[in-house]
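Number of protein chains: 2
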Amino acid sequence: MIQYFKADPWKIIEDGFNPEMNEIAESIFSIGNGMMGQRANLEEDFSGKTLQGTYVGGVYYPDKTRVGWWKNGYPEYFAKVLNSTYWSGLTLVINGEIVDLSKIKIASFYRELDMFNGVLNRRSTVTLNNGIQLSIESTRFYSLVNKEYSALRYRFKANQNCSIELTNIIDGNVVNKDSNYDESFWNEVSQESRDKEMFVAVKTKKLDWLLATACISELTIDGETHSGQNKNSTSSKIAQTTYKFDLKSKQEVILVKHVISSSSFHHPEETVISNAQNTVRKMSASSFETHLEMSSKAWNAKWEMADVTIEGDVSAQQALRYNIFQLHQTYCGDDPRLNIGPKGYTGEKYGGSTYWDTEAYCLPFFLVSSPSKISKQLLIYRYKQLDRAIENAEKLGFTNGAALYPMVTMNGEECHNEWEITFEEIHRNGAIAYAIYHYIEHTGDNSYLLEGGLEVLLGIARFWAQRVHWTEKKQRYEMHGVTGPNEYENNVNNNWYTSYIAKWCLKYTKECISNTQNKFPKIFAEIAKKTKLSIESEIANWRHIIENMYLPYDPEEQVFVQHDGFMEKELIPVNQLAEIDRPLNQKWSWDRILRSVYIKQADVLQGLYFFEDDFDIETHKRNFKFYEPFTVHESSLSPCVHSILAAKIGNMDKAYEMYLRTARLDLDNYNNDTEDGLHITSMAGSYLSVVQGFGGLRVKNQTLHLNPVCPKHWKSYSFKILMSNNPVNIIVNQNQTKVQNLGEKNLTFTYKNQTISLNPGDNWES
Amino acid sequence: MIQYFKADPWKIIEDGFNPEMNEIAESIFSIGNGMMGQRANLEEDFSGKTLQGTYVGGVYYPDKTRVGWWKNGYPEYFAKVLNSTYWSGLTLVINGEIVDLSKIKIASFYRELDMFNGVLNRRSTVTLNNGIQLSIESTRFYSLVNKEYSALRYRFKANQNCSIELTNIIDGNVVNKDSNYDESFWNEVSQESRDKEMFVAVKTKKLDWLLATACISELTIDGETHSGQNKNSTSSKIAQTTYKFDLKSKQEVILVKHVISSSSFHHPEETVISNAQNTVRKMSASSFETHLEMSSKAWNAKWEMADVTIEGDVSAQQALRYNIFQLHQTYCGDDPRLNIGPKGYTGEKYGGSTYWDTEAYCLPFFLVSSPSKISKQLLIYRYKQLDRAIENAEKLGFTNGAALYPMVTMNGEECHNEWEITFEEIHRNGAIAYAIYHYIEHTGDNSYLLEGGLEVLLGIARFWAQRVHWTEKKQRYEMHGVTGPNEYENNVNNNWYTSYIAKWCLKYTKECISNTQNKFPKIFAEIAKKTKLSIESEIANWRHIIENMYLPYDPEEQVFVQHDGFMEKELIPVNQLAEIDRPLNQKWSWDRILRSVYIKQADVLQGLYFFEDDFDIETHKRNFKFYEPFTVHESSLSPCVHSILAAKIGNMDKAYEMYLRTARLDLDNYNNDTEDGLHITSMAGSYLSVVQGFGGLRVKNQTLHLNPVCPKHWKSYSFKILMSNNPVNIIVNQNQTKVQNLGEKNLTFTYKNQTISLNPGDNWES
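And the structure:
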């Protein structure tokens, strides 16, 4: 793997321009603010390979489901992430020649993503075919303070007198790369260009999402406001302003674009356009620099808690900060209707915004390092979609308020349409319940349970109770026709992970019901009434299932069996596979993959990770030893779980090897698909590998537990954690661990089974 | 089920016109000659519901595969059956009013498909909105003698003097109903209309299939050739001739269309057009009536052998003849590149032309009732596609000449694209091998083995040898990841039927190799060289598999287990299902179907049917008793197997019940989808139910075995069979069976274990 982007603790740096890498760089340098975001498309015209992408949270397109054999229960549509109005483009013509970086000589090119301040900078020096030398600088950001605001400052100088034609564009005439025959998903609403103001409103062809993008531009030449005439023009879905002027050698031109993007996701339809127009006028009263400074301060504050330092490995330091940065760019917890798409605001692949990745990987990240209200928003998101999950289960024949959360969704409706996933990869329901448990364990905050969480648990428990069946012959409950986390097996019976989490959901729901009934009888009575809970008979049924749930176990290997029939496979470890066969998903036919023993991502081990206290360390070791050699980690969500478990069982070499596979996945284009966008949700994995894996951090019953090791490749590392929103700093080096109570409350924690109490402001060293 | 079409032993009759039934009638009255065919679209303009369809064997369109998640090994395209140039249409305008049966008063309407003569007749009397009364008669057929020839005779009279504008059309401007956004699959080549001749040539947009349709028309008025002017015209892909004349009351107009359709499937591309034009000129030298008579005689001769009579049940008689008729319309064995599409030439649904239906159901039909060369063509078809089957297996990672025949194909390439079918429903390979065995058992003709059959068997055997795997733990071969004939289970392990037929294929191929080696050492040496057969090591490997193949068995129930895990399902019989849940495939979600015990079509029982002599009658009874209650027969291919087995085990009520489900499937629109076209391949099932089921007919080692019963609903039934191309007639009534040796060779047969010898011309009675 060649490291194309330069190592730096706080920046991602591209030094020199390689047009072959352009689409990858566009992904890597993506910026956003949790509500909107954008790929790092060059501002100027570019005729080389590029994937233009601008995305607005919550706005999607319902693309009609097309399958070979329609199956009952399939969703009508697939919610496509929508490429939307492109606000940061311009066309620069100098002495009649268009500036196009794929057609001119580039003397220098330097791009940096300043993660500490959340800003994208570029400096380049180019020589046009007509001989004119230009130096260009651009700075772009999405405000972390005003979430509808984004801005560009674009400066340039020429080395000789020349005539300039600079066209500033707001372009709503965009198509998704994956749309059929360049079909546009947007209809024209209105566009205007008048003086310094431009404005484009477009509406999705289906669902009528309205998006208004308003822009106010400032053009200065050597600090003087440009006084010449603009030519304002519009065409369908496009607004333009063209400035023509003569430029003297070394004079500096600065174009600033203040942009507001408002959508009907956030505003009543009738106010969307006026909101965009009015807000941009207000915002443009302050300078670009003022807005940037405010946004930078907000980023700096975020880093105060979110940062993880690594000493002795700049590349690791950079990668981890990058992953943390991108996660915070994707999700800020402002709006409980938004979630964390697998590509965030960096690409259009996959569609939908929410997978089980959110609960399994992202929530633990936010839980440790962000105020608990952010994690709570993720829980509330699911409660708001409970009705849809119940509808979804009903479509599949479930009754009595059973809920099946979708595999992929934008608004609560399922939008995946392959039966082995849509109908069978149901373990996602378990992860959603587990997230509630995890949140309460960490925060001690029961409020979500009372405000909807118990209903969510109940819907999920009811689903499992109906999804298992009693086998008369074996006198036990089995669960057939499922796809586990390892998607390289479809439609199996008795997937250990799925059955285990199903059983756990029933137990946990029972527990929560009982606690709520005791502590909050009045609220509980209301919930029971609303959900028509037949408490005795339902719970008796659950108890029978809990007591008789079949969980496959192999007495010879003394390991849990991934699912029925797994042990009858050819058990050839991955290291005996020829290089030419990898990755399997590109080299083998699907039936061969399915028949093989190879595991795409942690499955039994995912269960051990979630429920570690249910099993002794020897069980961990045996199962890890058995399954790890068959795991190909062809999902970006896999290595982190293996890394954490390896650290737990003391196999630090394996833990570090697995950590490396997740840490620089996108920065080094490990999966050869970074051009499509970033693997946002799996970025949480590298954080968890460090904090839970190396740091051995767990929070149980609101108590912090630490069991840290420092990888031998590092001098030290440190991270912060919020315990009851009380910050704690943990520093681990090769010899010692230091814990600093940065908050205002007492802190009790365990260090390798030793219990320690720390007063506010105090430090402890091992 | 309302019987819309009138019962008649030799005709299908529609008496009265119901526009709601039009599309169903269009399917039912379809005509063809094994090379081409057509739905029974009304000749005149019709603005009601209609599915226009004209099909030419071998000509198809490669529609691009579109799936959610592309899997390695998926075919690039799906071979779509092509709707092609429509030759039998006309526009009739009387006193300015277009004759359109959906807009005028119909006094009488009578349509009959005369199966004995292979001709479609229609008579109707209508009153136009302008008051003119018309009587119309049309007669249409596809010649069974000259396969490119089809013809129409259209007569009419008016009850008063009127002006006529009659436009005769050849229309190549057709689209498939299932094409996206009315996309046309045909490009214009050329069209002409001159005097009595019309001509349209079109070419498919992909693959460049050329189709030329040439027509010569004759128009007479009261027997006199029309002497007025024609107006000839053409537009893109259309040729027309318009006749304008004044008609006197009661004068009879007769329009005859002689049509030749030639395609580049049958002719070198450069001669297609000239062949169509020259042939139609030659053909039009003889009258419509002469051609019809020749074709009728050919049909009469076909019936000589093919007919099955049933006395005492006109409706059963009609249905059985209808099924036989449609099978012969679809396949005549003239061309080894053609096969039997599931909808024949009666609709465009499904695509592809060849499924395992051919070998499993259609071949046994032709084997009994047609000269053996017809069946042999079906075998040759597969040999011609062996290279593609080997390529197909290679795409899935198989080596050493292993062959996987496609699930659906037009030219040997797979064109289905759902992994659980394409990659896993591999039992089709077994049926193709079984067909070779069956053919040889029946005919004693080993020639196919030497001419390619052995290579086919070898490719199939090699596939199975690689598709199984050795399980170290269980010390046996297992086969994982398959879909059996019961498609309501996907991706199962150790499907009994598939594993059994795989093992059988290995045994049979071993036997054939050994026999060929002994009897034809020279030819064998050539085959061994060509196929790079390592005879000792390969056969040793096969022997090991044969001896150690796992075939799941339940010792408690003493039945074969459909596949691993089947017995752990909820074993609730079909008769306990609520009516509202049926049919499952319209009412239940796919996961629920998969998890349920319900069987779409015979699976274990299909194996008992194929390999009956491997099992005693008690085994048959136990397995039938166990599986039949779980079978929903939602495939049209299912009831016949159950009917035959029920008859075998003496359960005549069940046998008759199952026979009824297959007999009038289309005539009574049992599956509510006849409008899409007929279920051609399953039509063989009702024939087999009678002949193999009630008649107890088997042919083993070229010896005829009979074990007949007459259903109590019938007086008697009779059928013919060819033994070594020697006709034998079998008549069964309630008390007695009569066997007539109609041929010129001695006949030895068994009747209920009694061996009988019959001289040529002799009869025997039980």
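Going down the list, the sequences are from chains A and B.
By the working numbering, the letter at position 731 of the first sequence is numbered 731, and the numbering carries on one by one without gaps.
Count along the second sequence from 1, add 766, and you get the number used in the working numbering.
Don't be surprised by glycine CBs; every beta carbon is placed ideally from N, CA and C.
(1) Could you tell me which chain B residues have their CB closer than 7 Å to the CB of TRP464 of chain A, listed as they occur along the chain?
(2) Please list, in chain order, the residues of the segment 1312 to 1335 of chain B that have any C-beta partner in chain A closer than 8 Å.
(3) Quick check: is the beta carbon of ALA1085 of chain B nearer than 8 Å to any beta carbon in chain A?
(4) Would you tell me roughly how many angstroms separate the C-alpha atoms of TYR508 of chain A and ILE421 of chain A, rounded to the nearest one?
(5) Classify GLU1207 of chain B as helix, strand or coil using the three-state DSSP reduction.
(6) Buried or exposed for ARG960 of chain B, going by 16 or more other Cβ atoms inside 10 Å?
(7) Quick check on the DSSP output: what are the complete beta strand (DSSP E) runs of length 3 or more inside the segment 917 to 995 of chain B, in order along the chain?
(8) Is it true that the CB of SER263 of chain A sits closer than 8 Å to the CB of LEU211 of chain A?
(9) Can you look up TYR55 of chain A in the DSSP assignment and give me helix, strand or coil?
(10) Beta carbons nearer than 8 Å to chain B: which residues of the segment 471 to 487 of chain A have them?
(11) Thinking C-alpha only, which one of A:GLN317, A:ALA403 and A:TRP419 is nearest GLY430 of chain A?
(12) Can you confirm whether TRP1354 of chain B, when its beta carbon is compared against all beta carbons of chain A, has any partner nearer than 8 Å?
(13) Starting from LYS1142 of chain B, follow the alpha helix (DSSP H) in both directions and report where the run begins and ends.
(14) Considering only the alpha carbon of each residue, which of B:ASN1341, B:GLN1324, B:TYR1316 and B:GLU1322 lies closest to ASP1330 of chain B?
(15) Buried or exposed, going by whether 16 or more other CB atoms sit within 10 Å of the CB of ARG805 of chain B?
(16) Flag GLU418 of chain A as yes if its beta-carbon sits less than 8 Å from any beta-carbon of chain B, otherwise no.
(17) Taking only beta-carbon positions, decide if LEU338 of chain A is within less than 8 Å of chain B.
(18) Can you name the start and end residues of the beta strand (DSSP E) that ILE572 of chain A belongs to?
(19) Evaluate the contact criterion for the segment 1466 to 1477 of chain B versus the segment 1140 to 1148 of chain B: three or more CB pairs, one atom per stretch, below 8 Å.
(20) Would you list the residues sitting across from MET802 of chain B in a DSSP beta bridge?
(21) What residues of chain A sit near LEU1162 of chain B, judged by a beta carbon separation below 7 Å?
(22) Could you please give me the residues that DSSP links to ASP811 of chain B through a beta bridge?
(23) Comparing C-alpha positions only, which one of B:ALA1159, B:ALA1450 and B:ILE1020 sits nearest to ASP1123 of chain B?
(24) Between A:VAL597, A:VAL632, A:ILE546 and A:THR204, which has its C-alpha nearest GLU579 of chain A's C-alpha?
(25) For a contact meaning CB atoms closer than 8 Å, what does HIS469 of chain A contact in chain B?
(26) Hey, how far is the Cα of ASN230 of chain A from the Cα of ASN95 of chain A?
(27) Between the segment 1186 to 1197 of chain B and chain A, which residues of the former have a C-beta closer than 9 Å to a C-beta of the latter?
(28) Against chain A, with Cβ distances strictly below 8 Å, would TRP1262 of chain B count as a contact?
(29) Just tell me which of B:ALA1201, B:GLU1255 and B:ILE1192 has its CA closest to the CA of VAL1234 of chain B.
(30) For PHE463 of chain A versus ALA525 of chain A, is the C-beta distance shorter than 8 Å?
(31) Run through chain B and tell me which residues come within less than 7 Å of TRP772 of chain A, C-beta to C-beta.
(32) Once DSSP output is grouped into helix, strand and coil, what is the label at ILE770 of chain A?
(33) Judging by CA-CA distance, which residue of A:ALA79, A:PRO711 and A:THR346 is the nearest neighbour of LYS64 of chain A?
(34) Please list the residues of the segment 67 to 98 of chain A that have a C-beta atom closer than 9 Å to any C-beta atom in chain B, keeping them in chain order.
(35) Roughly how many whole angstroms lie between the Cα atoms of GLU557 of chain A and ILE310 of chain A?
(36) Excluding sequence positions up to five away, which residues of its chain have a Cβ less than 8 Å from the Cβ of ASN1512 of chain B?
Straight from the coordinates:
(1) Numbered from its first residue, the first sequence carries residue 464 of chain A at position 464. Those do not exist, as TRP464 of chain A stays about 14 Å from chain B at its closest Cβ, beyond 7 Å.
(2) Cβ contacts with chain A come from GLU1322, ASP1330, GLY1331, MET1333, GLU1334 and LYS1335.
(3) Residue numbering aside, residue 1085 of chain B sits at position 319 when the second sequence is read from its first letter. Judged by the 8 Å Cβ criterion, ALA1085 of chain B is not in contact with chain A.
(4) On the first sequence, position 508 is the one that residue 508 of chain A refers to. On the first sequence, position 421 is the one that residue 421 of chain A refers to. Distance between the alpha carbons of TYR508 of chain A and ILE421 of chain A: 25 Å.
(5) Taking the second sequence and counting its residues from 1, the one referred to as residue 1207 of chain B is at position 441. GLU1207 of chain B falls in the helix class under three-state DSSP.
(6) By one-based count along the second sequence, residue 960 of chain B stands at place 194. Exposed.
(7) 928 to 937, 952 to 960, 963 to 970 and 976 to 987, all fully within the segment 917 to 995 of chain B.
(8) Position 211 of the first sequence holds residue 211 of chain A. Position 263 of the first sequence holds residue 263 of chain A. A Cβ-Cβ contact shorter than 8 Å links LEU211 of chain A with SER263 of chain A.
(9) Within the first sequence, the letter at position 55 stands for residue 55 of chain A. In this structure, TYR55 of chain A counts as strand in the three-state DSSP scheme.
(10) For chain B, the residues of the segment 471 to 487 of chain A that bring a beta carbon within less than 8 Å of one of its beta carbons are THR471, GLU472, LYS473, LYS474, GLU478, HIS480 and GLY481, in chain order.
(11) One-based indexing of the first sequence puts residue 430 of chain A at position 430. Comparing Cα positions, the closest option is A:ALA403.
(12) For this step, residue 1354 of chain B is matched to residue 588 along the second sequence. Yes, contact with chain A.
(13) Along the second sequence, read from residue 1 onward, the residue named residue 1142 of chain B stands at position 376. Looking at the DSSP string, the run of the alpha helix (DSSP H) that includes LYS1142 of chain B is 1138 to 1150.
(14) The residue you call residue 1330 of chain B lines up with position 564 of the second sequence. Closest option to ASP1330 of chain B, Cα to Cα, is B:TYR1316.
(15) For this step, residue 805 of chain B is matched to residue 39 along the second sequence. Buried, by the Cβ-count rule.
(16) Stepping through the first sequence from its first residue, residue 418 of chain A is reached at position 418. So, interface residue.
(17) Counting from 1 along the first sequence, the entry for residue 338 of chain A is found at position 338. It does not; no Cβ of chain B falls within 8 Å.
(18) By 1-based counting over the first sequence, the position of residue 572 of chain A is 572. Where ILE572 of chain A is concerned, there is no enclosing beta strand (DSSP E), because DSSP gives it neither an H nor an E.
(19) In short, these stretches do not touch, since the Cβ pair count stays below three.
(20) As a first step, residue 802 of chain B must be located in the second sequence, where it is residue number 36. Partner(s): B:VAL822.
(21) For the purposes of this step, residue 1162 of chain B is taken as the residue at position 396 of the second sequence. Residues of chain A whose Cβ lies closer than 7 Å to the Cβ of LEU1162 of chain B are, in chain order, SER589, ASP591 and ARG592.
(22) The residue you call residue 811 of chain B lines up with position 45 of the second sequence. ASP811 of chain B is bridged to B:ASP866.
(23) Here residue 1123 of chain B refers to the residue found at position 357 of the second sequence. Of the candidates B:ALA1159, B:ALA1450 and B:ILE1020, the one whose C-alpha sits nearest the C-alpha of ASP1123 of chain B is B:ALA1450.
(24) Counting from one through the first sequence, the residue named residue 579 of chain A turns up at place 579. With distances taken between Cα atoms, GLU579 of chain A lies closest to A:VAL632.
(25) As a first step, residue 469 of chain A must be located in the first sequence, where it is residue number 469. Residues of chain B with a Cβ closer than 8 Å to the Cβ of HIS469 of chain A are, in chain order, LYS1335, GLU1336 and ARG1361.
(26) Translated into positions along the first sequence, residue 230 of chain A becomes position 230. Translated into positions along the first sequence, residue 95 of chain A becomes position 95. Spanning the two alpha carbons is a distance of roughly 18 Å.
(27) If the cut-off is 9 Å between Cβ atoms, the segment 1186 to 1197 of chain B has GLU1186, ILE1187, THR1188, PHE1189, GLU1190 and ILE1192 near chain A.
(28) Counting from one through the second sequence, the residue named residue 1262 of chain B turns up at place 496. Residue-level contact check: TRP1262 of chain B does not touch chain A, since none of the beta carbons of chain A fall below 8 Å from its beta carbon.
(29) To locate residue 1234 of chain B, count along the second sequence from 1; it is residue 468. Checking every option, the nearest Cα to that of VAL1234 of chain B belongs to B:ILE1192.
(30) As a working mapping, residue 463 of chain A is identified with position 463 in the first sequence. As a working mapping, residue 525 of chain A is identified with position 525 in the first sequence. The Cβ atoms of PHE463 of chain A and ALA525 of chain A lie no closer than 8 Å to each other.
(31) As shown, chain A starts at 1 and ends at 766. That puts residue 772 of chain A outside it, with no answer to give.
(32) The structure shown does not extend to residue 770 of chain A, since chain A is modelled only from 1 to 766, so the question has no answer here.
(33) For the purposes of this step, residue 64 of chain A is taken as residue 64 along the first sequence, with counting starting at 1. Nearest option by C-alpha distance: A:ALA79.
(34) If the cut-off is 9 Å between Cβ atoms, the segment 67 to 98 of chain A has VAL67, GLY68, TRP69, LYS71, ASN72, GLY73, TYR74 and PHE78 near chain B.
(35) As a first step, residue 557 of chain A is located in the first sequence; it is residue number 557 there, counting from the start. As a first step, residue 310 of chain A is located in the first sequence; it is residue number 310 there, counting from the start. Each residue's Cα considered, the two are about 39 Å apart.
(36) In the second sequence, counting from the first residue as 1, residue 1512 of chain B sits at position 746. Cβ within range, chain order: SER1523, LEU1524, ASN1525 and PRO1526.
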